[in-house]
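Protein chains in written order, with the working numbering: chain A, 1 to 634; chain B, 635 to 780.
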Amino acid sequence: MMRLLGAHSIRHKLMAGVLLTTVSALLILGTSVVVYDLRDYHERLLNDLTTQAQLIGSASAPALQFGDPQLAGDYLGLLRFRPQIRAAAIYDAKGALFANYVSKVAEQRDFPPLPDVDGEQVSGTTLTLFKRIIHNNEILGTLYLRAHYQLYDRLWQYAGIVLAVTLLALVISMLLSLWLQSRITRPILAVTGLARQVAERRDYSLRAEKSTDDEVGYLVEAFNELLSEVGRRSAELESSNSKLQQQIRERREVDRALHDSERRHRTLVTALTSVVWIADANGDFGPEQESWDSYTGQEPATHRGRGWLDAFHEGDRKLVAEAWEQARNQRKPLELEVRLWHEDTATYRYVFLRAVPLLDAHGKLIEWIGTAEDIDERRRAAREIRRLNAELEQRVSERTAELKRAVKELQAFSYSVSHDLRTPLRAIDGFSLALVEDYGDQLDDTARDYIDRVRSGAQRMGQLIDDLLKLSRVSRADLSCESLDLSEMAESIVAAMRDNDPEREVEVRITSGLSAYGDARLMRIALENLLNNAWKYSGKAEQAVIEFGMRSYKGEPCYFVQDNGVGFDMAYVDKLFNAFQRLHDGSEFPGTGIGLATVQRIISRHGGRVWAEGSVGGGAVFYFTLPGQPGAKT
Amino acid sequence: MNTQPILLVEDNEDDAALALRAFKKSHIVNEIVHTHDGVEALDYLYGTGDFEGRDISQMPSVVLLDLKLPKIDGLEVLKRIRAHDSTRLLPVVVLTSSKEEQDLVQSYNLGANSYVRKPVDFNEFVPAVAQLGVYWLLLNESPFGS
Chain A
1 MMRLLGAHSI RHKLMAGVLL TTVSALLILG TSVVVYDLRD YHERLLNDLT
51 TQAQLIGSAS APALQFGDPQ LAGDYLGLLR FRPQIRAAAI YDAKGALFAN
101 YVSKVAEQRD FPPLPDVDGE QVSGTTLTLF KRIIHNNEIL GTLYLRAHYQ
151 LYDRLWQYAG IVLAVTLLAL VISMLLSLWL QSRITRPILA VTGLARQVAE
201 RRDYSLRAEK STDDEVGYLV EAFNELLSEV GRRSAELESS NSKLQQQIRE
251 RREVDRALHD SERRHRTLVT ALTSVVWIAD ANGDFGPEQE SWDSYTGQEP
301 ATHRGRGWLD AFHEGDRKLV AEAWEQARNQ RKPLELEVRL WHEDTATYRY
351 VFLRAVPLLD AHGKLIEWIG TAEDIDERRR AAREIRRLNA ELEQRVSERT
401 AELKRAVKEL QAFSYSVSHD LRTPLRAIDG FSLALVEDYG DQLDDTARDY
451 IDRVRSGAQR MGQLIDDLLK LSRVSRADLS CESLDLSEMA ESIVAAMRDN
501 DPEREVEVRI TSGLSAYGDA RLMRIALENL LNNAWKYSGK AEQAVIEFGM
551 RSYKGEPCYF VQDNGVGFDM AYVDKLFNAF QRLHDGSEFP GTGIGLATVQ
601 RIISRHGGRV WAEGSVGGGA VFYFTLPGQP GAKT
Chain B
635 MNTQPILLVE DNEDDAALAL RAFKKSHIVN EIVHTHDGVE ALDYLYGTGD
685 FEGRDISQMP SVVLLDLKLP KIDGLEVLKR IRAHDSTRLL PVVVLTSSKE
735 EQDLVQSYNL GANSYVRKPV DFNEFVPAVA QLGVYWLLLN ESPFGS
């Protein structure tokens, strides 16, 4: 029943409820009324018959006493006013039929031959009653009444009435329920339909219309609130959903990047010529050490735990083990050059063993990642290089020693030159002079002229030797560089020249504040030579002008010494700086031809350059540069 | 004027002759003792060898010392002179052809009193010797007295 109800709509449930209620109420009421009425009818009929029997019994007592059946029959005939009594009879004390009566409408006309005991009996539509006729405590006879018993007729009548009323009530209650439905179920159905729409269209902006203020109204309101709540939640869900999707997309990208990175990593590990290995936090090898095993020929069973240490050369094993323990204790990277067994070549090869600890975000040691880079070839090459270097160094030191020896010999040579070459010259000069002095009166002019030539030759030779020694000293001397004021230096040199040659009228222009960085002694010699040359070769100029300054030569700043003297032919400019090369006649301009060679040595020892420009009769300019030259201060 | 001899240590006869001539031209009349190498010079100073028995209390007024000498060179002679008590204060003038800086520096380091370079031109040599004479024989007070 419940299931049946449950399967139907609320409308049907309501209607069924109303109808069932009505029907059951009517049935219970009808049955009660009918049962009560039938009992009442039965008792009234019985009372009536009993009273009738006593009346007739009392009335007919004398007739019985007197044996007058006529009289008794008259009394019985009065029963015709009670049509429902169909038959009556009086029996005498002996039980014989004394008088009787039969109604005109009676179907049954016979009588029982003997009276029964007092009491009533219902049989079908007939009620029979026996009553003793007692007068003065003497049983005179018995009265018999037979009545038409209408109980079943009444029952059927009632059934009809109940049925009719029930039908009417059903109709009325159905109408009522229809009205109720319109009042109660319609708003509910509207809400239901709306809910279906919401479910189908996912439109949470729909709202049910509130038509009443009762529970249904509350329901509508609650539903609307629910809808807006659902709409809000749904929006939240959607936004959270889209966020989630975004996160998932990002996650997927990260995953892909991670995957790529891992693949790259793997490829890298494969491409690496180094052996790559991983040890756990205890420093033990796990089973997977493909790279290690393929190099060393070990396998999981042999490299397990600290078994990997056995792959090292016996002589290095202790070193590795100790360094490993130390690295583990300090969690510091390990770096070692040791010999590792190489299975393919069946030799121990030098590897660069390196291990770094991998720590998690909390600084906890997770594992060790290590490499073993085969550096055997490199070591061999390095050894070869070292050997070659040593050889080279040996050769260099040998060559240096040779050079030193050569320099020493040169020094000894120049020392010897300085002492011994001059001694005979002194003899030549001295004794020539002695000859003139002591025996001059015996010599004619020609002889004296010869002796003069001998002496000047000797003196010139002495000068040559001096200049040569100076040149060799310039080459040998150590440079001790400092900041120099070249202008000041030039001024003092010019002053000395003026002292030596006071008759000369020379205009000397020196740019002041020219500084340089160099060896003071050597730079003075260089400047002396250049300025002396300028002084010497401008000797025949009408108005000699010597200039020392700085100017740009092809974009390069350089010092210069210029004169307006005889100059030189540019065709021979190459010979200018060679020792003993002279462009002028010694009688015209005395000199040894070593000065400019000395200048060149000095400038080139300073890392600079010197060159010259000139023309015959047009003077000469000597340019020189010095590295790191500060140039003119002003 | 100091009349003690001048000790000339010079292996080259030409140079020695020229020196003697220069002394003469400078009117230096002191006796010139000419030794030809370092050994001979030291023998003279300390009265050994060929000079066995010499009165070594008679020290020269000045030693003119060439640097390039056979057997024992001039710098070594100078070193020994300065190392020996009797000659520690003896005036020594280095007289040499060399203009080498190392010679000059070493000579002074070893205690040479003067350093004179023998010029090629004899006309320059004479004044140099004359100056020497004036200084060491005339002006300088010898530690050994006169």
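We treat Cβ as the ideally placed atom computed from N, Cα and C, and that holds for glycine.
Item, Value
"At least one CB of chain A closer than 7 Å to the CB of F756(B): is that the case?", "yes"
"Inspect the beta-carbon positions of E482(A) and R509(A) and report whether they are closer than 7 Å.", "no"
"Which residues of the stretch 414-440 of chain A have a Cβ closer than 9 Å to any Cβ of chain B? Give them in chain order.", "S414, Y415, S416, S418, H419, D420, L421, R422, T423, P424, L425, R426, A427, I428, D429, G430, F431, S432, L433, A434, E437"
"Please check if any C-beta of chain A sits within less than 7 Å of the C-beta of E734(B).", "yes"
"Does the ligand ZN have even one heavy atom less than 6 Å from the beta-carbon of V696(B)?", "By its list of ligands, the structure shown contains no ligand whatsoever, and the ligand ZN lies outside what it can speak to."
"Taking buried to mean at least 16 other C-beta atoms within 10 Å of its own C-beta, is I594(A) buried or exposed?", "buried"
"Any C-beta of chain B within less than 7 Å: which residues of the stretch 438-463 of chain A qualify?", "A458, Q459, G462"
"At the 7 Å Cβ level, is N743(B) part of the contact set with chain A, yes or no?", "no"
"Please list, in chain order, the residues of the stretch 473-500 of chain A that have any C-beta partner in chain B closer than 8 Å.", "R473"
"Less than 7 Å between CB atoms is the rule here; does L641(B) satisfy it with respect to chain A?", "no"
"Of the choices L180(A), G124(A), R132(A), whose alpha-carbon is the least far from that of L19(A)?", "L180(A)"
"Out of S492(A), S228(A), E505(A), P187(A), which has the shortest C-alpha to C-alpha gap to V216(A)?", "P187(A)"
"Given that L469(A) touches chain B, what residues does it touch there, using C-beta distances under 8 Å?", "K733, E734"
"Using a C-beta to C-beta distance shorter than 8 Å, which residues of chain B count as neighbours of D466(A)?", "K733"
"In three-state DSSP terms, what is E665(B)?", "coil"
"For the candidate residues Q638(B), G745(B), Y769(B), whose alpha-carbon lies nearest to that of S691(B)?", "Q638(B)"
"Decide if P333(A) is buried, meaning its Cβ has at least 16 other Cβ atoms within 10 Å, or exposed.", "exposed"
"Is the CB of K702(B) under 7 Å away from at least one CB in chain A?", "yes"
"Going by CA-CA distance only, name the one from T128(A), Q298(A), F624(A) that's closest to A516(A).", "F624(A)"
"For chain A, check one thing: does any of its Cβ atoms lie closer than 7 Å to the Cβ of D648(B)?", "yes"
"Go ahead and label A159(A) buried or exposed: buried means 16 or more other beta carbons lie within 10 angstroms of its beta carbon, across all protein chains shown.", "exposed"
"Find out if the Cβ-Cβ distance for the pair D563(A), A534(A) is shorter than 7 Å.", "yes"
"Using 8 Å as the threshold, is the stretch 701-719 of chain B in touch with the stretch 392-399 of chain A, meaning 3 or more CB pairs across them?", "no"
"Can you find a CB in chain A that lies within less than 7 Å of the CB of L698(B)?", "no"
"Pair every Cβ in the stretch 530-545 of chain A with every Cβ in the stretch 500-507 of chain A, then say whether three or more of these pairs are closer than 8 Å.", "yes"
"If you draw a straight line from the alpha carbon of R80(A) to that of I139(A), how long is it in whole angstroms?", "26 Å"
"Out of curiosity, what's the CA-to-CA distance linking G231(A) and N241(A)?", "14 Å"
"Of all Cβ atoms in chain A, is any one closer than 7 Å to the Cβ of L709(B)?", "no"
"Please classify L626(A): is it buried, with 16 or more other beta-carbons within 10 angstroms of its beta-carbon, or exposed?", "buried"
"What does the Cβ neighbour count give for M1(A), buried or exposed, with the cut at 16 atoms within 10 Å?", "Only weak support exists for where M1(A) lies, its pLDDT of 45 falling under 50; the value from the coordinates is given anyway. It is exposed - the Cβ of M1(A) has fewer than 16 other Cβ atoms within 10 Å."
"Within this structure, are the beta carbons of L151(A) and L38(A) separated by less than 7 Å?", "yes"
"For the beta strand (DSSP E) containing V122(A), list its first residue and its last residue.", "119-123"
"The alpha helix (DSSP H) that contains V191(A), what's its start and end?", "151-201"
"Quick one: list the residues of chain A neighbouring R655(B), beta-carbon separation under 8 Å, in chain order.", "G430, A434"
"Measure the C-alpha to C-alpha separation of Y769(B) and L654(B) and round it to an integer number of angstroms.", "17 Å"
"Looking at chain A, which residues of the stretch 652-683 of chain B have a Cβ within less than 9 Å of any of its Cβ atoms?", "L652, R655, A656, K659"
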